[in-house]
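Participant: Line by line, the protein sequences are chains A and B. The numbers in the working numbering rise by one with no breaks, and the one at position 22 of the first sequence is 106. The numbers in the working numbering rise by one with no breaks, and the one at position 13 of the second sequence is 14. Mind having a look at this structure? Questions to follow.
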Amino acid sequence: MKFGVVVFPGSNCDHDCFHVVKEVIRQPVEYIWHKNTKLDHFDCIIIPGGFSYGDYLRCGAIARFSPIMDSVIKFANDGGLVIGICNGFQVLLEAGLLPGAMLRNKNLHFICKYVDLKVDSTDSPFSSLYKKGQTVRIPIAHNEGNYYIDEKGLAELKKNDQIIFRYVDNPNGAVGDIAGIVNKKRNVLGMMPHPERSSEIELGSEDGLLVFESILRWLEGRK
Amino acid sequence: MSNSFFSFSEKGRVESRPFFCYYSGEMFEAQIKITLKKTVADPQGLTVKHALEALGFDKISGVRMGKFITIRIEEKEEEKAKEKAKQMSDKLLANPIIEDYSIEVVKI
């Protein structure tokens with residue numbers, strides 16, 4: 085299964101994602117510079133964390149108009165798997181592939197620490213190997229992770245079982261304790277916590293690995 | 002006396018046709034104010050309010066933080082400049098899910 089890791093100016097978790105795919109789940113992976121537009125030969129696109137375009141204007145707002153994003157939107161609309169982590173989640177929100185927006189953390193701090201998450205739904209290509217209700221430990225590192233959606237939107241997310249991960253102890257003020265959501269078609273995931281930083285026990289937790297293994301399992305099932 | 006590219010005014014001064022003209026629009030400055038929607042909590046505004054109260058400024062409320070962006074736009078009319086600024090705001094400068102914006106256009 086071929087993975088692609090999108091690289092914007094200012095991405096800084098691209099190498100971590102690349103490493104996990106190549107060395108931990110041992111699948112072919114390529115970096116994709118944001119000016120490229122060909123995604124035909126990929127099975128899964130990862131939009132990594134970082135500070136694309138310095139987080140200027142709004143996080144992800146400028147990356148959203150990078151040449152590659154039209155291709156990512158098309159790839160997603162055609163059913164391809166797209167996962168946005170941290171800044172990648174913010175880019176997907178700005179691009180309209182996922183509903184809602186990000187605000188500054190409620191306490192105005194950049195928060196960098198391990199948090200406990202509850203797996204709210206295992207009905208997605210990204211979370212199928214977890215157990216529903218399971219608590220997992222995955223780190224966050226962000227300044228704008230305070231997920232916002234209006235009440236109607238939140239009701240919609242709940243109704244469609246789109247909330248995949250919730251914070252056990254909400255660190256940033258996110259509506260509904262939301263840490264990660266999928267789109268209605270369930271082929272696009274955005275999450276603030278970093279599964280790529282918690283996929284090897286040497287780093288303190290391997291609870292994030294199941295995100296990548298779930299993706300792999302799903303892709304293999306589809307072939 | 003005239004040819005296909007130039008015409009001469011009565012005083013004999015060469016006046017170039019529009020084809021050769023530098024763009025003769027006017028210069029406007031769009032001043033775009035972006036604020037969080039009233040329904041969206043603004044922790045920065047709240048923190049600033051607390052700091053102001055700590056300094057003794059009492060009876061204050063509604064402290065909100067936002068962004069202020071100025072853009073110079075060359076256009077023929079003010080309305081057109083404003084329309085351009087609106088398009089820029091809708092497409093990129095503001096996020097309609099969490100933000101409102103207002104635009105003032107001044108001639109400079």
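All residues carry an ideal CB built from backbone N, CA and C; glycine is no exception.
Excluding the 5 residues flanking B/Glu1 on each side, which residues of the same chain have their C-beta closer than 8 Å to its C-beta?
Facilitator: In the structure as shown, chain B begins at 2 and stops at 109. Residue 1 of chain B is therefore absent and cannot be evaluated.
Participant: So if I threshold CB-CB distances at 9 Å, which residues from the region 128–160 of chain A count as touching chain B?
Facilitator: Against chain B - using a Cβ distance shorter than 9 Å - the residues of the region 128–160 of chain A are Leu141, Arg142, Ala145, Ile146, Arg148, Phe149.
Participant: Any C-beta of chain B sitting closer than 7 Å to the C-beta of A/Ala185?
Facilitator: Taking the first residue of the first sequence as 1, we reach residue 185 of chain A at position 101. Answer yes: the Cβ-Cβ gap between A/Ala185 and chain B drops below 7 Å somewhere.
Participant: Kindly indicate the opening and closing residues of the alpha helix (DSSP H) around A/Cys101.
Facilitator: What you label residue 101 of chain A is simply residue 17 of the first sequence in a count that begins at 1. A/Cys101 -> alpha helix (DSSP H) spans 98–103.
Participant: Near A/Gly184, which residues of its chain fall below 7 Å by C-beta distance, leaving aside the five closest residues on each side in sequence?
Facilitator: Position 100 of the first sequence, counted from the first residue, corresponds to residue 184 of chain A. If we look at A/Gly184 and ignore the five residues flanking it on each side, its Cβ neighbours are Leu177, Tyr231, Tyr232, Ile233, Gly237.
Participant: Along the chain, which unbroken stretches of the alpha helix (DSSP H) at least 4 residues long are found entirely within the region 207–287 of chain A?
Facilitator: Here the runs fully enclosed are 235–243.
Participant: What residues are listed by DSSP as bridge partners for A/Tyr198?
Facilitator: Here residue 198 of chain A is taken as the residue at index 114 of the first sequence, counted from 1. DSSP output for A/Tyr198 lists A/Pro223 as bridge partner(s).
Participant: Pull up the CB-CB distance for A/Met85 and A/Leu303, whole angstroms please, since I reckon it's below 8 Å.
Facilitator: In the first sequence, residue 85 of chain A corresponds to position 1, counting from 1. In the first sequence, residue 303 of chain A corresponds to position 219, counting from 1. Sure, about 5 Å apart at Cβ, within 8 Å.
Participant: With 16 other CB atoms within 10 Å as the buried threshold, where does A/Asp100 fall?
Facilitator: What you label residue 100 of chain A is simply residue 16 of the first sequence in a count that begins at 1. Looking at its Cβ environment, which holds 16 or more other Cβ atoms inside 10 Å, A/Asp100 is buried.
Participant: So who's on the other strand from A/Gly88, going by DSSP bridges?
Facilitator: Residue mapping note: residue 88 of chain A aligns to position 4 of the first sequence, counting from 1. Answer by DSSP bridge pairing, in chain order: A/Glu114, A/Ile129.
Participant: Taking only the alpha-carbon atoms, compute the straight-line gap between B/Ser3 and B/Glu75 and give it to the nearest angstrom.
Facilitator: Numbered from 1 along the second sequence, position 2 holds the residue referred to as residue 3 of chain B. Numbered from 1 along the second sequence, position 74 holds the residue referred to as residue 75 of chain B. Only weak support is given to the placement of B/Ser3: the predicted model assigns it a pLDDT of 40, under 50, and the value that follows is read from those uncertain coordinates. Computed Cα separation, rounded: 30 Å.
Participant: Beta carbon of A/Ile195, beta carbon of A/Pro279: below 7 Å?
Facilitator: Taking the first sequence and counting its residues from 1, the one referred to as residue 195 of chain A is at position 111. Taking the first sequence and counting its residues from 1, the one referred to as residue 279 of chain A is at position 195. Their beta carbons are not under 7 Å apart, which means A/Ile195 does not touch A/Pro279 by this criterion.
Participant: When you check each C-beta in the region 36–70 of chain B against every C-beta of chain E, which residues fall closer than 7 Å?
Facilitator: Protein chains in the displayed structure are A and B, and chain E is not among them.
Participant: Looking at the C-beta of B/Ile33, does it have a partner C-beta in chain A at a distance below 7 Å?
Facilitator: If you number the second sequence from 1, residue 33 of chain B lands on position 32. No - not a single Cβ of chain A is within 7 Å of the one on B/Ile33.
Participant: Indicate the three-state DSSP secondary structure (helix, strand or coil) for B/Lys12 in the structure shown.
Facilitator: Residue mapping note: residue 12 of chain B aligns to position 11 of the second sequence, counting from 1. Since pLDDT at B/Lys12 reaches only 48, below the 50 mark, its modelled position is unreliable, and the value read off the structure follows with that caveat. Of the three classes helix, strand and coil, the one that applies to B/Lys12 here is coil, per DSSP.
Participant: Taking only beta carbons into account, state which residues of the region 189–208 of chain A come closer than 8 Å to chain B, listed in chain order.
Facilitator: Here the close residues are Asn189, Lys190, Asn191, Leu192.
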